[in-house]
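Scroll down for the structure; my scribbles are underneath it.
Protein chains: 2
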Amino acid sequence: MPKPSTRPVSQHCLDALALLGQLIREARLANALTTSDLAVRAGISRSLLQRIERGDPGCSIGAAFEAAVICGVPLFELDARLLSDRLGRQKEKMVLLPKSVRSVSRKVNDDF
Amino acid sequence: MPKPSTRPVSQHCLDALALLGQLIREARLANALTTSDLAVRAGISRSLLQRIERGDPGCSIGAAFEAAVICGVPLFELDARLLSDRLGRQKEKMVLLPKSVRSVSRKVNDDF
DNA sequence: TTTATATGGTTTATTAATAACTCAATTATT
DNA sequence: AATAATTGAGTTATTAATAAACCATATAAA
Numbered sequence: 000m001p002k003p004s005t006r007p008v009s010q011h012c013l014d015a016l017a018l019l020g021q022l023i024r025e026a027r028l029a030n031a032l033t034t035s036d037l038a039v040r041a042g043i044s045r046s047l048l049q050r051i052e053r054g055d056p057g058c059s060i061g062a063a064f065e066a067a068v069i070c071g072v073p074l075f076e077l078d079a080r081l082l083s084d085r086l087g088r089q090k091e092k093m094v095l096l097p098k099s100v101r102s103v104s105r106k107v108n109d110d111f
Numbered sequence: 000m001p002k003p004s005t006r007p008v009s010q011h012c013l014d015a016l017a018l019l020g021q022l023i024r025e026a027r028l029a030n031a032l033t034t035s036d037l038a039v040r041a042g043i044s045r046s047l048l049q050r051i052e053r054g055d056p057g058c059s060i061g062a063a064f065e066a067a068v069i070c071g072v073p074l075f076e077l078d079a080r081l082l083s084d085r086l087g088r089q090k091e092k093m094v095l096l097p098k099s100v101r102s103v104s105r106k107v108n109d110d111f
């Protein structure tokens, strides 16, 4: 028996997870899919899909996103057509950013 | 040594995961946070944060969302202020939906 | 109302994620 | 160019997620 997860999660994060779960459930019903149907299509178990719809933070993000994608829940308000384009533009932006950061105050001069 | 995950994940899903990871990384750098900094604030290990930024589908959704929230990546294009409101409205919508669905063709009459 | 199906909530064995560490390579600053 | 810090990637022990049962309840259709 696995111990229940003890990782602290902020309320805002729990809210976002709950919303995603509800959106998936709503989209599933709108497409007239049973939990079993969607689980099979997503390649996951029905019990895992139930936890995803409940907004369980312990689910793998791959499973949750797959379920969302299959029943048409837009991730980041982007549809499939725009996603790859945005990925490319994002990469270009990243090139302009520093590869790493340093602490602003790194050595205090206190020999006086 | 745990076997590598074998769950199939669609390309669209992988793209969405990669985008989220890049957005988190960009936001982290914009806030001048090291991977260690953000990991500590999110209550996760640095190695897990690295996987999240890489878009690994096996990460827990709670860990990924927490990291995103902390460095200000908007989930579902919603900020914290609007999220709880939308959660409420979503619940109201759900009440109007059927609680379960049935297969359309459920019994074929083939005794003739 | 009856019947068949979907769902919610358990349990347990198996599988994979996670934390903590190490080390090499990059990167930013002086 | 030298130095110090960040990052990337790999390893292993521990912990938790997942799949697959099961059953009770709720739900939709006849």
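In the order they appear, the protein sequences are chains A and B.
Reminder that position 32 of the first sequence reads as 31 in numbering that gives the first Met the number 0, one-by-one numbering, no gaps.
Reminder that position 76 of the second sequence reads as 75 in numbering that gives the first Met the number 0, one-by-one numbering, no gaps.
Built from N, CA and C at the ideal position, the CB exists for glycine as well.
Verify the CB distance criterion: does A:R6 have a CB-CB separation below 8 Å to chain B?
-> yes
What residues are listed by DSSP as bridge partners for A:S59?
-> B:S59
Residues of chain B with a CB under 9 Å from the CB of A:Q89: which are they?
-> Going along chain B in sequence order, the residues near A:Q89 (Cβ under 9 Å) are A17, L18, Q21, L22 and E25.
What span of residues does the alpha helix (DSSP H) with B:S35 cover, start to end?
-> T34 to A41
Hey, quick one: how far does the alpha helix (DSSP H) through B:L78 stretch, first residue to last?
-> The residue you asked about is not Leu; residue 78 of chain B is Asp in the sequence shown. No alpha helix (DSSP H) contains B:D78, which DSSP labels as neither H nor E.
Please check the pair A:L22 and A:V72, which I expect to be a contact at CB under 8 Å, by giving their CB distance rounded to whole angstroms.
-> 5 Å
For B:R105, count neighbouring Cβ atoms within 10 angstroms of its own Cβ and tell me buried if that reaches 16, exposed if not.
-> Residue confidence is low: B:R105 scores 42 on pLDDT, short of 50, so the model does not pin down where it sits. No coordinate-derived value is stated.
Pairing CB atoms from the segment 44-60 of chain B with CB atoms from the segment 76-87 of chain B, are three or more of them under 8 Å?
-> no
Which one of A:G20, A:S9, A:R101 and A:P97 has the shortest CA to CA distance from A:C58?
-> A:G20
Are the beta-carbon atoms of A:A62 and A:I69 separated by less than 8 Å?
-> no
Length of the line joining the Cα atoms of A:G54 and B:R101 = 24 Å
B:G71 at chain A interface by Cβ criterion, 8 Å | no
Can you give me the start and stop residues for the alpha helix (DSSP H) that B:G20 sits inside?
-> Q10 to A29
C-beta neighbour in chain B for A:S35, strict 8 Å = Not one chain B Cβ lies under 8 Å of A:S35.
Would you verify that the beta carbon of B:V94 is, or is not, closer than 8 Å to some beta carbon of chain A?
-> no
Provide the residue span of the alpha helix (DSSP H) that contains A:R45, from first to last.
-> R45 to R53
Consult DSSP for B:L95 and reduce its assignment to one of helix, strand or coil.
-> helix
Rounded straight-line distance, which links the Cα of B:L74 to that of B:K92 = 20 Å
Cβ atoms of A:L13 and A:T34: under 8 Å apart, would you say?
-> No, the pair does not count as a contact, with Cβ atoms beyond the cut-off.
Could you check how far apart the C-beta atoms of A:V8 and B:E65 are, in whole angstroms? I think they sit under 8 Å.
-> 6 Å
Roughly how many angstroms separate the alpha carbons of B:K90 and A:T5, rounded to a whole number?
-> 27 Å
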